[in-house]
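Peer 1:
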Amino acid sequence: MKILKKFMLFKLSKLSLVLILGLSSQGVFASFAGSISNSVQGSGLIKDQQVNTLRITWSGNSDSSASNSFGQPYQVFSNNGSFVVNQTTVANSNRRVSARLVVGTVNPFNIFETVRVPRSVLAAAERADTKIIRYVRTFTDESGGPVGTSVVTLQVTPSSGGNLSISQIDLRFQNGDITMVTGTEQTLNATAVISYGGSGLLDLIWEVATPSSTSGTPIFIRLKTARQFLGAGRRSVIESPRLPTNLTGSYILRLRANAPTVDFSGLVLHYSVIRSSAPAAEVKTIRLVNPLPNSTIDKTTQFSWKSVSGAISYQLEIYEMPVADLPYAGLVSTDVEENQDKVLTTGILLPSDRQTTALTPMTLQYLTSGNAYYWRTLAVDSDGNLLGKSNYQKIYFTPQE
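In this text, residue positions in the sequence shown follow our numbering: the first is 82, and each later residue adds one.
1) Determine whether the beta carbon atoms of S246 and Y277 lie at a separation below 8 Å.
2) May I ask you to verify whether the region 253-264 touches the region 280-293, counting CB pairs closer than 8 Å and requiring at least 3?
3) Take K212 and list the residues in its own chain whose beta-carbon comes closer than 8 Å to its own, dropping the five residues that flank it on each side.
4) In angstroms with no decimal places, state the Cα-to-Cα distance between W139 and S280.
5) Closest to Y473 by C-alpha separation, out of T479, R315, T458, S463, would be which residue?
6) When you compare each of L182, F151, V196, R177 to S37 by their alpha carbons, which one comes out closest?
7) Are the beta-carbon atoms of N188 and R177 separated by less than 8 Å?
8) What is the residue span of the beta strand (DSSP E) that V202 lies within?
9) Can you tell me where the alpha helix (DSSP H) with L445 in it begins and where it stops?
10) Does the distance from the C-beta atom of I476 to that of I378 stay below 8 Å?
11) Looking only at its own chain, which residues have a Cβ that is under 7 Å from the Cβ of K92, when we skip the five neighbours before and after it?
12) So, under 8 Å CB-CB, I367 and W456 are touching, yes? Tell me the CB distance rounded to an integer number of Å.
13) In chain order, what residues of the same chain lie with their CB nearer than 8 Å to the CB of R323, ignoring the 5 residues before and after it?
14) Just verifying my parser: in three-state terms, what is the DSSP assignment at S293?
15) Helix, strand or coil: which one does DSSP assign to Q122?
16) Reducing DSSP to helix, strand and coil, say where S276 ends up.
17) Excluding the 5 residues preceding and the 5 following Q446 in the sequence, name in chain order all residues of the same chain whose CB lies nearer than 8 Å to its CB.
18) Relative to the alpha-carbon of L468, which residue among S390, L397, T427 has its alpha-carbon at the smallest distance?
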């Protein structure tokens, strides 16, 4: 009997040891003692019209005294940060930041992060008519326990002083479109909205290639030189001279910057001139292939559609329209004439042998993360006539970091 009791006690002791070991292998249960603070090296002021890089220190105290695993290492971390403008997230930083700690009582920590504020965030603040941008991170530990959130408040200031620098040129026809079909001898103009910082002389040249060369290698003819001193401010609007419309066919309008130099290209618009009395041709329906309706897109997404016989070029267009204003419940609308409150946001012109494209960097800068958009494709023939157009399809834009 005594032997049996000893055996049972030995078995219970082993079981107790297993339970103790099991408890000691549980996750760390930590929480934050007080709020998580932050500090920005220098100040929280950032310049408009440029990419800003900040050095942020996140500081706090992690209370792990309730843990059953004294001396066990664990992490306090945040998987991503968000740029917020007027309570709307406009971009994300998917970079994880962390601090390695050891279970004790109260452990102070400092987490250092270098963060880049992209121009798209500054553009979102400008559209929202605010100078305040917030960078938000939520921190937790490996137990999935209580979280702590900290907000860095950034203030946008003008890029005053220094040499003139151009951050963006938005080139459109006077009605806001990026392609145009007009009749012979009709009045046609374009405008360029210049976003800039600093001050100095702006030297631009308006050029056009006429139908005599656009079917092959375009030959550009100078229309006008525009010179203007830009001082205090952030935007300037430059209007083109009257554009030629005397010949039928396809034209290419180009805006070339002599000074200052710019780090982007593609400042061109395409328009076509048809005889004012020419009868309207039958417009075919273009079938869109990708992306599918209601898809989420990014800079790698390939847009594609079926070809149209006789097309010399395709125009991919992306429109913005607030969801609350939609006059229909479906994912696909019928035509822009039935939805006049759509706003043309950006687009790409492609030759007839290309029915697939990703969005270009210059196109992407006009899109805001998380917004809904509507895209379609147009097909144009060698005389500038509209051969085909697709219905609109709804998409959501979420950029990759």
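The C-beta atom is built at its ideal place from N, Cα and C for all residues, glycine as well.
Peer 2: Per the coordinate set shown:
1) yes
2) no
3) A206, Q236, V237, T238
4) 37 Å
5) T458
6) Since the first residue of the chain shown is 82 and the last is 482, residue 37 is not available in this structure.
7) no
8) No beta strand (DSSP E) holds V202; the alpha helix (DSSP H) holding it covers 200-208.
9) 442-445
10) yes
11) Annotation note: pLDDT 45 at K92 (below 50); position unreliable, coordinate value reported separately. Excluding positions up to five away in sequence, the list is empty.
12) At roughly 12 Å, the Cβ-Cβ gap does not stay under 8 Å, so I367 and W456 are not in contact.
13) T268, L269, N270
14) helix
15) coil
16) strand
17) R200, S201, A204, Q249
18) S390
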